[in-house]
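Comments concern the structure below.
Written as structure tokens, this is what we have:
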């Protein structure tokens, strides 16, 4: 126990120093955690590191499975099942075949195939950054593909944990898995609500109860001889709730997840060793399969299912890392003697490299897509847009509303009240049913694809109103003004950004708490009724933004004087 505490102390001291540097210079924290682990590696015994990594990943699996929301991915789940299964079969098969060709035994090649096929839920979900990205089609696709791959990983763990690959031991392990899932369903539907009533609304008691259920499922998995990762994943499903329920409990689990996320990435770095030539070759092969071949396969499958090239590309770039489940399988294979040390070292090295590079691909995903598109490497197709859109062919002099959130709904009501034709542009699958039942005209497509605007008949529109506070979307829409006679209304997060957008041609920019949603609706009504000109709106907006910027300046100056 003292050795484990010493190892944790080393991990946190070195990890804390690297975390301080990352926050000080506003850099991504994942690479710094991994670098901290590499530095801490010589001070921690490998046996302790393996044990720490194993339990850290298991608890991470639990906290992530708690947050799985079936409803949010339901609209793309059927497609994601096909993509995830196809990707697993293709990448797994290529990984096994190429590994055998370079001289690895078939049983070792199997681990390489698994590592190539599965993607990291921890990293991938983190790269989506905010709920706003998860509400986009590529965010929901990526999230649901991760979910399906996690289920595939659980199945693989059950199969590989059998004593032999004979039918009876494998069937026994699968049977235990089914029993655990059945118990999770019973707990989720019957026991959890009872615990909520007994706790009397106490978030602390609910958190303790959830931890107790986790321990119970881990104990059941240990008793049945099933991997602890399976028990943790099933335990998460057992206590999975809607985010609006037991918010305090979920916040407590969020803190636990953040704690073990740090441990996971640091211990991953500690497992990295000085590679031999053999390890470099195997790790290089696995990295190429993960970073280059996997996104190519994913894009091809999504295009085959009818998704737009941009959604397919951005989805694929969220899957370019080795999965934590692959690390669990590798660690358990090493512990029981089924996985050779060089292959294990190669999987660890490839996981480290791909988790580092995925931060870069996420940051430059738009640039990567544009590069591939401009060079003609992506096939353009818009079957999903045509299938899920409804726009009259003769629509003209209309308002195009980007986004169907609270502001978008108010604007639709305003247009309908003034009998002004409109087209809503939305890309959130959850809102598709609302579009179909509530809107007269809509395009279900990506606002950063030209075909979406062609479908919305932007050339004959009078006004485009964006309710999305994305700089990329705003810049894209502004480019429309260069090609046609259409007024642009945008949304921004800061005064300086809003001022820049107006100076570049926007008619009006809504800034939360400055040029608010109520004003936006009023201005749209005035424009629709012809009561105010575009130049007057632009002048008023600039004056208000200048006044706000001046106010912020003097407030800051007064604060500085007070501090002195």
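Residue numbers (the UniProt record's numbering): 1 to 564. Cβ atoms here follow ideal geometry from the backbone N, Cα and C, with glycine treated the same way. These numbers come from a predicted model, not from an experiment.
#1: Could you compute how far the alpha carbon of residue 508 sits from the alpha carbon of residue 463?
#2: Could you tell me which uninterrupted alpha helix (DSSP H) segments, each at least 4 residues in length, are contained entirely in the segment 443-516, listed from first to last along the chain?
#3: How should residue 161 be labelled, buried or exposed, when 16 other C-beta atoms within 10 angstroms of its C-beta is the threshold for buried?
#4: Can you find the residues in the same chain that come closer than 7 angstroms, C-beta to C-beta, to residue 170, ignoring five residues on each side of it along the sequence?
#5: Assuming contact is defined by CB atoms lying nearer than 9 angstroms, are residue 320 and residue 354 in contact in what I supplied?
#6: Straight-line CA distance for residue 480 to residue 285?
#7: If you draw a straight line from the alpha carbon of residue 200 to that of residue 209, how long is it in whole angstroms?
#8: Can you tell me whether residue 499 is buried or exposed, with buried defined as 16 or more other CB within 10 angstroms of its CB?
#9: Output the distance between the C-alpha atoms of residue 26 and residue 20, rounded to the nearest integer angstrom.
#10: With residue 55 as the anchor, note down where its alpha helix (DSSP H) starts and where it stops.
#11: Out of 123, 122, 203, 227, which has the shortest C-alpha to C-alpha gap to residue 174?
#12: What is the DSSP secondary structure of residue 422, counted as helix, strand or coil?
#13: CA-CA distance, residue 3 and residue 48?
#14: Of the residues 104, 17, 459, which one's Cα is nearest the Cα of residue 40?
#15: Do the CB positions of residue 229 and residue 325 come within less than 9 angstroms of each other?
#16: Which residues in the same chain as residue 148 place their Cβ atom closer than 7 angstroms to its Cβ, once the five residues preceding and following it in sequence are excluded?
#17: Based on DSSP bridge pairs, tell me the residues matched to residue 401.
#18: Given that a residue counts as buried once 16 or more other Cβ atoms are within 10 Å of its Cβ, and exposed if not, what is residue 222?
#19: To the nearest angstrom, how far is the alpha carbon of residue 202 from that of residue 188?
#20: Do residue 180 and residue 239 have their CB atoms nearer than 9 angstroms?
#21: Within 10 angstroms of the Cβ of residue 426, are there 16 or more other Cβ atoms? Answer buried if so, exposed if not.
#22: Only counting the same chain, and skipping five residues up and downstream in sequence, which positions put a Cβ closer than 6 angstroms to that of residue 196?
#23: Whole angstroms is fine: what's the gap from residue 218's alpha carbon to residue 430's?
#24: Measuring CB to CB, does residue 291 end up less than 9 angstroms from residue 91?
#25: Roughly how many angstroms lie between the CA atoms of residue 263 and residue 53, to the nearest whole one?
#26: Exposed or buried, residue 120, counting other C-beta atoms within 10 Å across all chains shown (16 or more means buried)?
#27: Which term fits residue 106, buried or exposed, when burial requires 16 or more other beta carbons within 10 angstroms of its beta carbon?
#28: Helix, strand or coil for residue 232? Go by DSSP, reduced to three states.
#29: Should the segment 307-319 be called in touch with the segment 363-378, which here means at least 3 C-beta pairs below 8 angstroms?
#30: Measuring CA to CA, which of 215, 495, 347 is closest to residue 334?
#31: DSSP three-state label for residue 390, please.
#32: Of the residues 93, 24, 137, 101, which one's Cα is nearest the Cα of residue 448?
#33: Determine whether the beta carbon atoms of residue 441 and residue 396 lie at a separation below 9 angstroms.
#34: Quick check: what's the CA-CA separation for residue 495 versus residue 506?
#35: With a threshold of 16 other CB atoms inside 10 Å of the CB of residue 418, please say whether the residue is buried or exposed.
#36: What's the call for residue 7, buried or exposed, on a 16-neighbour Cβ count within 10 Å?
In short:
#1: Approximately 11 angstroms between the Cα atoms of the pair.
#2: Whole alpha helix (DSSP H) segments, 4+ residues: 450-455, 471-483, 495-503.
#3: Label assigned to residue 161: buried.
#4: Listed in chain order, the non-local C-beta contacts of residue 170 below 7 angstroms within the same chain comprise 159, 162, local neighbours out to five positions each way being set aside.
#5: Contact: yes.
#6: Residue 480 and residue 285: Cα-Cα distance of roughly 44 angstroms.
#7: Straight through space, the alpha carbons of residue 209 and residue 200 are spaced by roughly 13 angstroms.
#8: By the 10 Å Cβ count, residue 499 comes out buried.
#9: Rounded to the nearest angstrom, the two C-alpha atoms are 10 angstroms apart.
#10: Unbroken alpha helix (DSSP H) run through residue 55: 46-66.
#11: Residue 174 has its Cα closest to that of 227, out of 123, 122, 203, 227.
#12: Residue 422 falls in the strand class under three-state DSSP.
#13: Rounded to whole angstroms, residue 3 to residue 48 spans 8 angstroms at the Cα level.
#14: Looking at the Cα atoms, 17 is the closest of the given residues.
#15: Yes.
#16: Excluding its 5 nearest sequence neighbours in each direction, residue 148 has C-beta neighbours in its own chain below 7 angstroms: 80, 81, 84, listed in chain order.
#17: Bridge partners of residue 401: 424, 465.
#18: Exposed, since its Cβ has fewer than 16 Cβ neighbours within 10 Å.
#19: Their Cα atoms are separated by approximately 18 angstroms.
#20: Contact flag unset, no.
#21: Buried: at least 16 other Cβ atoms inside 10 Å.
#22: Excluding the 5 residues flanking it on each side, residue 196 has no same chain C-beta neighbour closer than 6 angstroms.
#23: The C-alpha of residue 218 lies about 34 angstroms from the C-alpha of residue 430.
#24: No. Outside cutoff.
#25: Cα to Cα, the separation comes out at about 8 angstroms.
#26: Answer is buried; the Cβ neighbour count reaches 16.
#27: Classification for residue 106: exposed.
#28: DSSP, reduced to helix, strand and coil, places residue 232 within a helical segment of the structure shown.
#29: Note that the segment 307-319 touches the segment 363-378; at least 3 beta-carbon pairs, one per stretch, sit closer than 8 angstroms.
#30: That would be 347, whose Cα lies nearest to the Cα of residue 334.
#31: It is a strand residue.
#32: Nearest to residue 448 by C-alpha distance, out of 93, 24, 137, 101, is 137.
#33: Going by C-beta atoms, residue 441 is not nearer than 9 angstroms to residue 396.
#34: The alpha-carbon atoms of residue 495 and residue 506 are separated by roughly 14 angstroms.
#35: Classification of residue 418: exposed, given that the 10 Å Cβ count is below 16.
#36: It counts as buried.
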